[in-house]
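Respectively, the protein sequence lines represent chains A and D.
Residue numbers for the first sequence, in numbering that gives the first Met the number 0: 0 to 183.
Residue numbers for the second sequence, in numbering that gives the first Met the number 0: 0 to 629.
Virtual Cβ for every residue (Gly too), placed ideally from N, Cα, C.
Since this is a predicted model, take the numbers as computed values, not measurements.
As structure tokens, the structure follows; a few thoughts come after it.
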Amino acid sequence: MSGKRSISWLLAFAAVLIQVALILSIQIRKELSLRSGKRITVKIVPVDPRSVFRGDYITLNYEFSRLNLNQIKHDKTGFRRGQQVFVTITITNGEWKAVAASAEHPGEAGADEIIMRGSVTGWPSGNSANVNYGIESYFVPEGKGRQIEKDIARRLITAEISVDRKGYALVCKILIDGREIDFR
Amino acid sequence: METGPTDTKEKLGLIMAQWLKKHLALWVQTGILNRDQQEAITNLYAWPEQEKERPAGEKPALRLVTVLEAIGAFLIGIGVISLVAFNWPDLPNFLKLTIIIASIVLAHLAGFIVLAKRPEYEKAGLSLIFLGNLLYGAGIWLVAQMYHMNYGYTAGLFLWALGIVPLVWLLKSELNFFLALTLFIVWTFGEALGDQKPHLNFLVILLGLLGPLSYYLKSQVGLALCLVTGGAWLLVNNILWFGTNMSIHLVAPLALYGIALLASSNLHAAGNLAAYRQIYLVIGLVITSLAIGIVPLFGPIKFDPQAMTLATLPASFWTCSGLLFTGVLAAGLLARIKDLDSTGHSINKMLPFLLAAALFVFLMPLLKTYMTLSLLPLIIVAVAYRYISRSIILLNILVVYMFFWLPFCLIRWEQPLLLFVLYPAYGAACYLLGWYYASKQQDAGLGNAFKFFGLFAFFAALYVFSSSQISKSFMKDFAFPVSFDFWLLMAVFYAGALALYGRLAGFAYPARKNGLLPEERFMIPVLLAFPAALFGAYANNLAGTRLVFAVNFCAICMLIAFLVAGYRRREAYLKALALVFLALLVGSRFLEIEWSLIYKGVLFILTGIIVLVGGIIFEKYKDKVAIIER
């Protein structure tokens, strides 16, 4: 590995372009999902940990994160850990709750219904399963997570979620008593 | 360094070479010689290999540069990642993304320009690319943060690693390869352990990407990492396949993997692949012996009824084992016989025996009664190796291994007494094996090792019997053993010891210089008789205070005899062993409250008198007592 290298500038350019393209491809996919998605506001319970790569975040727990299989429609097969699952949620009394879960996409959703794609986590039992939708974290500037945590007991904390047609969900913003948090 | 035909030059010894090299440098430094003269002198001689390796001290310096620059780049990279993680509230997302992408492109551009225009700064160029690759990771995490992506953790690692690969291939850069390799490894174990299910996608990456890249880059460290990761991956994923039902069958794929590596080493015999061969050989050897060594321990352990049976093993297990098995056969057949040296030949010949040993795990659940059969795979391999390579090393390891295997028998045997009757018999057999090796001149060191080991096992067991409390509890629980294993082991130890004893006839001092001294000749029958006598005493309900007294008395006398032999032979190991056990025995008896003071007194006085009289006799005949010069 010594002496002058003969570098193909075309290949070098391509290699760097691949990296940029990979980053942008995630970014664009998420941006498109966000723009086309239906927005809903759901109640959450935040807690405050930190990730080495992405910084401080609050963990969001949703009403429909834990499925009670006795109370909702679901496929006959039991759910395995890591399995992909489609959960249909609907609004009742102003709160979004799960009404059905299936291993396959159930097709078109009803008027007040939204279908979300998630994966089963933890150890599912015969009558319950925990589902991860990829919207369980909200990244905040360093140190700001604790402020939100203080508000949990006194105020209503909600999250605005965007769900696109394929069922992919994203968190758009966190609201305290209906007003978006401003970290600036 | 220019070297002509080396046979015409005077060969330098290592010390001479080091001296000359050091002083040449000094002479240049002080201006006596210039660089050309230094080189001319250097070229006059044939240098030993080690000194030829690094001619002008350039390589270590270059290595230092590489390390410093890599650390620098790494620090900057993780610094940026941390800045990104800070999640600046005042900057709009698109600006953050632009900054990151611009810095990725800039770092790479700078790196490529340095590599192309200033080849003398090659390492710096590669470090800049390394920095670019770290910044690329920061970019991935920034996007994950912007969209509050939750599953991004392992997928992010995968994208990060994947994006580095084209640059690794393009630049043949080991530094950047290690970054990608590490990220892939963290990724697969993160996925497998996070989801608690096998992560098969990694196989494609390992076999299709990382393995070939190691060869392409000629990276031996990379290859070694890949092979070890393969073994770890196989074990972790197998455990996940089996779920909570841990099973002996886990060992089969691991053993087959190790054997496959051994077989594959032979595919690297020819041409410039020889360097890789060692890697396959060493890692294969370690994994195989690890896997096959575990098997005998599973025999005595009661088989968990919850564990997998042959019928319930998943299809993935059979696929995996089948593939590895055919892989071993294919590699064995593909190896070109004419390229193999003696190691390669013996590996090829050993393959069927190793496979037989590995597949033995399928019989393990059936061996509930006869657990000695669980040693069979090790015996097969050791005996096969003896016949193929004429080397007894594996047989010797098997003998030593039994010392650690024996206690597992207690899981089946209700009474510990049996174990402590077997240990002295085992120890006596090992001691005689040591004498047998010593009688064959070339194995004197091995002989001493086995003599020491055998005596250690013998006296350690005897020490247990010397305690009246333990002896009492042995007697209380005594039941005549009906275990086939116990009688088989007893027979093997005695038959082995007697056969070896027979071979020692005539090997005695002074006819043979290293032969048995009179006290040693006397001790061997005593050692052999002891376990049988002990067992007989327990079987006839004779174990009481008198037996404990006799055991202590005999033990002290035997230790004194070995101490004398140790001094006469000037064998430090024998002296130390005898002294340590003497101190242990006498100290324990002195402190033991259970023992009546009368017994203590009698024991100490009696043994004291014997030792004293022995000393006086020695003194009287001091001119006739032979001290063997080594």
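DSSP places A/K172 within a strand segment (E or B) once states are collapsed to three. Only exposed fits D/S390, as fewer than 16 other CB atoms lie within 10 angstroms of its CB. Annotation: Cβ neighbours of A/Y137 in chain D (cutoff 8 Å, chain order): H147. Among the bridge pairs identified by DSSP, A/W95 is matched with A/I90.
The beta-bridge partner set that DSSP reports for A/T157 consists of A/K42 and A/L174. A contact is defined here as three or more CB-CB pairs under 8 Å, and the segment 569 to 585 of chain D meets this definition with respect to the segment 439 to 451 of chain D. In the DSSP secondary-structure assignment, A/V162 is bridged to A/K37 and A/A168. In the three-state reduction of the DSSP assignment, D/S213 falls in the helix class.
In this structure, the CA atom of D/G138 is about 56 Å from the CA atom of D/L374. Between the segment 205 to 221 of chain D and the segment 244 to 261 of chain D, the count of C-beta pairs closer than 8 Å stays below three; the two stretches do not touch. Taking a 10 Å sphere around the C-beta of A/Q26, we find 16 or more other C-beta atoms and assign the residue as buried. Taking a C-beta cut-off of 7 Å against chain A, the contacting residues of the segment 90 to 103 of chain D are L96, I100 and I103, listed in chain order.
The beta carbon of D/F111 sits closer than 8 Å to some beta carbon of chain A.
CA-CA distance, D/E519 to D/W434, rounds to 10 Å. For D/F85, the neighbours in chain A by C-beta distance under 8 Å run, in chain order, G54, P140 and E141. Exclusion of the five residues before and after D/W159 leaves G136, I139 and L182 as the residues of its chain whose Cβ lies within less than 6 Å of its Cβ. Per DSSP, D/T41 lies in no beta strand (DSSP E); the unbroken alpha helix (DSSP H) holding it starts and ends at R34 to T41. Within its own chain, the residues whose Cβ lies closer than 6 Å to the Cβ of A/G121, once the five positions on either side in sequence are excluded, are N129, listed in chain order. Neighbours of D/D194 in chain A, taken as residues whose beta carbon is under 8 Å from its own, are R80 and G81 in chain order. Spatial neighbours of D/Q195 in its own chain (CB-CB distance under 7 Å, excluding positions within 5 residues in sequence) are listed in chain order as L239. Against chain D, the CB of A/L10 has a partner CB under 8 Å away; the residue lies at that interface. Beta-bridge partners of A/F138 (DSSP): A/Y56. In the DSSP assignment, D/L94 falls within the unbroken alpha helix (DSSP H) covering N92 to K116.
Within the same chain, Cβ atoms closer than 7 Å to the Cβ of D/L333 are found at L266, the five residues on either side in sequence being excluded. In the DSSP assignment, A/L66 falls within the unbroken beta strand (DSSP E) covering R65 to N67. A contact is defined here as three or more CB-CB pairs under 8 Å, and the segment 160 to 175 of chain D fails this definition with respect to the segment 187 to 203 of chain D. Between the segment 477 to 494 of chain D and the segment 411 to 420 of chain D there are three or more inter-stretch CB-CB distances shorter than 8 Å, so the stretches are counted as touching. For D/S470, the number of other beta carbons within 10 angstroms of its own is at least 16, and it is reported as buried.
A/S127 is bridged by DSSP to A/N67.
Chain-order list of chain D residues neighbouring A/A14: P165, L166 and L169, by C-beta distance under 7 Å. Following the DSSP letters along the chain, one finds D/S172 in no alpha helix (DSSP H), marked with neither H nor E. Using a Cβ distance threshold of 8 Å, D/A45 and D/K8 count as a contacting pair. Taking D/C429 as the centre and dropping the five residues before and after it, the same chain places the C-beta of V398, F449, F452, G453 and A456 closer than 7 Å to its C-beta, in chain order.
In this structure, A/D55 lies near A/K143, with their beta-carbon atoms less than 8 Å apart. Collapsing the DSSP output to three states places A/S7 in coil. In the three-state reduction of the DSSP assignment, D/A269 falls in the coil class, being assigned neither a helical nor a strand state.
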